[in-house]
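Last residue of the sequence shown? That's 1239 in our numbering, and every number before it is there in order. Just so you know, even glycine gets a beta-carbon here, dropped at the ideal spot from N, CA and C. Note that the structure is predicted; figures quoted are calculated from it, not measured. These notes concern the structure reproduced below.
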Amino acid sequence: MTDEEEIERIRKTLGQTKGKDIKERFHACVMDASYRFKGKVMPEMIKQMMEDEEDREYLLGNVNHVLEDFFYNGSTLANSGFMKRVKEYSEEEYKKLYPRFIEFLFRNKIFDGNDNLLETITLDGAMTSRMGKLVEEISQMQGCDSSDIEWAGAGKYSIAYKVGSKVIKLARERLAEDIPDHPCVLKPMYDKKVMANEEKGQEEYLEVEDYLEPLEKTNFKENERIVLDLFTKLRKSGYCWIDARADNVGKTKDGVHLILDRDAIYKEQYFREHKDEIGKKITLGNYERFEQLRLDELGAQK
Ligand SMILES: Nc1ncnc2c1ncn2[C@@H]1O[C@H](COP(=O)(O)OP(=O)(O)O)[C@@H](O)[C@H]1O
Ligand SMILES: [Mg+2]
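Structure representation (C-alpha cells):
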C-alpha cells in the first residue's frame, strides 16, 4: 500500500468510526498488532485526529485511557508524534500534560532473562519534575523541543530516549561496579544514581550520552565482525565484555563503533574470580562465543 492509500484508508476508517472508543476505531484501521506501532500509521492517525475538533477533544479529554490502554508504553507515545501535535495545537495544553507524558515515557519495565515482567518503576512526582526539566534543558541545548523526544530503545534494565543528538537513559541495575575507561566504550556526559521513586525505595541510574546510530539488523556477518573487533580490543586491555552483542553497539557520526551498553564489562581477574555469580545474573553465552572466535582468530594468525 502506498503512503497516499494508507492515509486515505485511515481517513475513511476514522470517518466511519467516529464517536467510538479509540481502541475500537483503531482496530478497524490496522488489524495487525505488530504493524500498528511501526511506521506511519500511528503518527498519521494521531495527526488526523488532532485536526478534527471532536476527535481532538476525545484525545485530550481521555489522555489516561489513550496512554494506558491504547499506547501501552513510551515507545508508542514517542513514535506517534502525539506530544508534538498537542504542543502545536496548544502550548498551554502541552504544559498541562507534560508531567503526565514524562511519567509515562520513563516508566521503566524490568524484565528477567525469560522476558517476564519483574517490576515496573514509576517515577514519583519529584523525579518526574526532575526528568521533565532535564528533557527540556537538553532539548534547548540541542536546538529542539521537548516534544521532539524520540524512542531510542530499551533493554532488560533500561529505557532510552533520543533528544536531538543526545540520549537520556534510565537504568535499573548495574552489574559491574564501575564504567570502564576505555576508548571503545561510549562515555556518558552525565551519570548519576537517582531516587526514581522515594516511597517504593526504587533507585535508578540516570545517564546522558551521545546518540549512536544502531547497527543494521540485516547485516549479521558484518555486525559479528564489529562486535568481535570491540571484544578483542577490550580483551587486550584486560576487560571481559560479557554482554557482547550488536544491540549494545552503535556508530558515531564519524563512523566509529562504540559500546553503548557499559554494563557487564569486568576486569579480567574479577570476572574469573566471580564467574559463577555473574553467570547467574547474565548469560555467559555471548562472552564464551566471542572468546572462542577471538582464540580461533589468534590461532589462525600463528
Ligand atoms: N547512546 C545510545 N544511542 C543510541 N541508542 C541507545 C543508546 N543507549 C541505549 N540505546 C538503546 O537502548 C537500548 C537499551 O540500552 P542499554 O544500555 O543496552 O541497556 P540494557 O543494559 O538494559 O541492555 C539499546 O539496545 C539501544 O537500542
Ligand atoms: Mg543492552
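Since residue i is in the beta strand (DSSP E), which residue starts that stretch and which ends it?
| i | result |
| --- | --- |
| S1095 | S1095 to V1100 |
| F1048 | N1045 to F1048 |
| A1091 | E1087 to A1091 |
| Q1139 | Q1139 to D1147 |
| I1105 | K1103 to A1108 |
| K1124 | Here K1124 belongs to no beta strand (DSSP E), and DSSP marks it neither H nor E. |
| V1186 | V1186 to K1188 |
| I1196 | H1194 to I1196 |
| T1059 | Where T1059 is concerned, there is no enclosing beta strand (DSSP E), given that its DSSP letter is neither H nor E. |
Using a Cβ-based criterion (distance less than 7 Å to any ligand heavy atom), does residue i qualify as near ligand 1?
| i | result |
| --- | --- |
| S1276 | Lying outside 938 to 1239, the shown extent of the chain, residue 1276 is not represented and no answer is given. |
| V1104 | yes |
| L1171 | no |
| G1092 | yes |
| D1147 | yes |
| L1107 | no |
| L1235 | no |
| A1113 | no |
| P1151 | yes |
Give the DSSP-derived three-state secondary structure of residue i in the structure shown.
| i | result |
| --- | --- |
| P1036 | helix |
| E1210 | helix |
| A1133 | strand |
| K960 | helix |
| E1161 | helix |
| P980 | helix |
| L1152 | coil |
| L996 | helix |
| Y1169 | According to the sequence displayed, residue 1169 carries Thr and not Tyr. Of the three classes helix, strand and coil, the one that applies to T1169 here is helix, per DSSP. |
Please name the residue in the options whose C-alpha comes closest to that of residue i.
| i | options | result |
| --- | --- | --- |
| D1147 | K1158, K1106 and G998 | K1106 |
| L1171 | K1099, I1116 and L1152 | I1116 |
| L1042 | G1050, E1214 and T1059 | T1059 |
| C1121 | T1057, K949 and L1197 | L1197 |
| F1038 | E1056, R948, L1054 and E1073 | E1073 |
| Y1094 | V1145, A1237, G1175 and K1046 | K1046 |
| K1024 | M987, D1049 and K957 | M987 |
| M1132 | E961, I944 and E1110 | E1110 |
| D1191 | E1150, G1175, R993 and E1228 | E1150 |
Residue i: beta carbon under 7 Å from a heavy atom of ligand 2?
| i | result |
| --- | --- |
| G1187 | no |
| G1018 | no |
| D1180 | yes |
| D1052 | no |
| D1184 | yes |
| D1128 | no |
On the DSSP letters alone, give me the boundaries of the alpha helix (DSSP H) that residue i sits inside.
| i | result |
| --- | --- |
| G1011 | G1011 to S1017 |
| G1069 | G1062 to M1078 |
| G952 | D940 to Q953 |
| E1228 | G1222 to Q1238 |
Exercise. Given 8 Å as the limit, is there contact between the stretch 1086-1095 and the stretch 1007-1022, that is, 3 or more CB pairs closer than that?
Worked result: yes
Problem set entry | the stretch 1127-1137 in contact with the stretch 1174-1185 per 3-pair CB rule at 8 Å | no
Exercise. Does the stretch 1027-1047 come close enough to the stretch 993-1012 to have 3 or more Cβ pairs within less than 8 Å?
Worked result: yes
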